[in-house]
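Residue numbers (the working numbering): 45 to 396. For each residue, glycine too, the CB sits at the ideal point set by N, CA and C. In what follows, a structure is listed as structure tokens, so that the remarks can point back to it.
Right under this line is the structure:
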């Protein structure tokens, strides 16, 4: 009897290591986080998506970093097109390209609202209507969901005799949480669920010539992909993602994986850098600096000549300063790290 009891205890202890999980909006990356993804452009043939079902084990530890991608998640209110996407509460910022992807994250899902930036024909503000819910919360094993979204816009191609181009993309998503188990990647081992996604798109394009619209092209495509999500605090983003060939478990292209825990800091060439967000800017009275107080020691304010106007000790992640006494004009600010290193610089405009 004692032997049987010990065997039962041992069985449950072993199976408890790999646990079925539920992923909610709280488990997904938020504002002021930087996600680092590595991309294996030529995954080994032995790396497959595995099987559906419960209590699976996936080993992606052999994935190799050929390329990297960095996603900077920020507050939409800190971007130039916030008023065009009033429901957005999360934004992916590509600062070097002045390009922004606007999202909404809530308890029912993660939604793609739209994107804005200069696409080569001046600034365009594109919106999904209806919006695209590409993740439905809560996510747990055997959940399924479907979604239909449309993006429809027109622009001037500046290419006579074409006066205008209209592009319409209709996307149909069919997602099945078809497996749970343990995933091992170069980052570590995690309890996870797998999303099996089918995405069908219809892309239609019309052109206007001499005031008359005519259908130019219609293209249809279907993509099959897997992604592995965890509720572990070290993630907040898919652990592994890759497209696969229908009817097989073989990846048919690059496989991306989470390279590091999302952070507020950017590590580059061995030096710590940090993002600092300032709003409002221009400012009349109070300026709010959003930063990482564990890294930043002080904020220095400099005038246009480089003369230091003020040095503000940092005690919290949101520091507010009064600039009412500053003369009208342009100033610069500099974030100084705890080791004295200059981490970030920016421009501050004071108006009256």
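Q.
Can you confirm whether the region 239–252 touches the region 212–222 when touching is taken to mean that 3 or more C-beta pairs between the two stretches lie within less than 8 Å?
A. yes
Q) Got a sec, what are the start and stop residues for the beta strand (DSSP E) residue 290 sits in? A) Where residue 290 is concerned, there is no enclosing beta strand (DSSP E), given that its DSSP letter is neither H nor E.
Q | Cβ-based burial, residue 257 [other Cβ within 10 Å; buried from 16] | A | exposed
Q) Where do the ends of the beta strand (DSSP E) carrying residue 86 lie? A) Run containing residue 86: none; DSSP gives neither H nor E here.
Q.
Can you check which of these residues, 199, 146, 175, 142, is closest to residue 133 by C-alpha distance?
A. 146
Q.
Within 10 Å of its beta-carbon, does residue 466 have 16 or more other beta-carbons around it, so buried, or fewer, so exposed?
A. The chain is shown from 45 up to 396; residue 466 falls before or after that span and cannot be answered.
Q.
Distance check for residue 352 and residue 243, CA to CA, integer angstroms please.
A. Residue 243 and residue 352 have their C-alpha atoms some 55 Å from each other.
Q.
Looking only at its chain, what residues have a beta carbon closer than 8 Å to the beta carbon of residue 206, apart from the 5 residues adjacent to it on each side?
A. 251, 252, 253
Q: Could you tell me how far apart the beta carbons of residue 221 and residue 283 are, in whole angstroms, since I believe they sit closer than 8 Å?
A: 14 Å between Cβ atoms; not a contact.
(Q) DSSP has residue 250 in a bridge; who is on the other side? (A) 210, 259
Q.
Do residue 272 and residue 304 count as a contact pair if the criterion is CB distance below 8 Å?
A. No, the Cβ-Cβ distance between residue 304 and residue 272 is not below 8 Å.
Q.
Rounded to whole angstroms, what is the Cα-Cα separation between residue 238 and residue 295?
A. 14 Å
**Q.** Cβ pair residue 91, residue 110 closer than 8 Å
**A.** In this structure, residue 110 does not lie closer than 8 Å to residue 91 by Cβ.
Q) Is the beta carbon of residue 96 sitting closer than 8 Å to the one on residue 223? A) yes
Q. Using the beta-carbon count (16 or more within 10 Å), is residue 65 buried or exposed?
A. Buried, because 16 or more other Cβ atoms sit within 10 Å of the Cβ of residue 65.
Q: May I ask you to list the residues that DSSP assigns as paired with residue 381?
A: 340.
**Q.** Selected residue, minimal CA-CA separation from residue 299, among 240, 287, 263, 103
**A.** 287
Q) In terms of alpha-carbon separation, which member of 99, 335, 89 lies closest to residue 106? A) Measuring from the Cα of residue 106, the nearest candidate turns out to be 89.
**Q.** Whole-angstrom distance between residue 325 and residue 378, CA atom to CA atom
**A.** 15 Å
Q) Are the Cβ atoms of residue 148 and residue 302 separated by less than 8 Å? A) no
Q: Examine the Cβ distances between the region 356–371 and the region 333–345 and report whether three or more of them are shorter than 8 Å.
A: Yes, the region 356–371 touches the region 333–345.
Q.
So, with DSSP's three-state summary, where would you put residue 120?
A. helix
**Q.** Spatial neighbours of residue 263 in its chain, beta-carbon cut-off 7 Å, leaving aside the 5 residues before and after
**A.** The residues are 247.
Q: Using beta-carbon positions only, say whether residue 193 and residue 176 come within less than 8 Å of one another.
A: yes
**Q.** Limits of the unbroken beta strand (DSSP E) element including residue 100
**A.** Counting along the chain, the beta strand (DSSP E) containing residue 100 begins and ends at 97–103.
Q: Sort 185, 70, 338 by Cα distance to residue 381 and report the nearest one.
A: 338
Q | Where the beta strand (DSSP E) containing residue 187 begins and where it ends | A | Where residue 187 is concerned, there is no enclosing beta strand (DSSP E), because DSSP gives it neither an H nor an E.
(Q) Judging by CA-CA distance, which residue of 68, 387, 394 is the nearest neighbour of residue 418? (A) Because residue 418 is not part of the residues shown, which for the chain are 45 to 396, the question remains open.
Q: Would you mind working out which of 196, 234, 156, 161 sits nearest residue 63, comparing C-alpha positions?
A: 234
Q) Just the Cα atoms here: how many angstroms apart are residue 169 and residue 178? A) 20 Å
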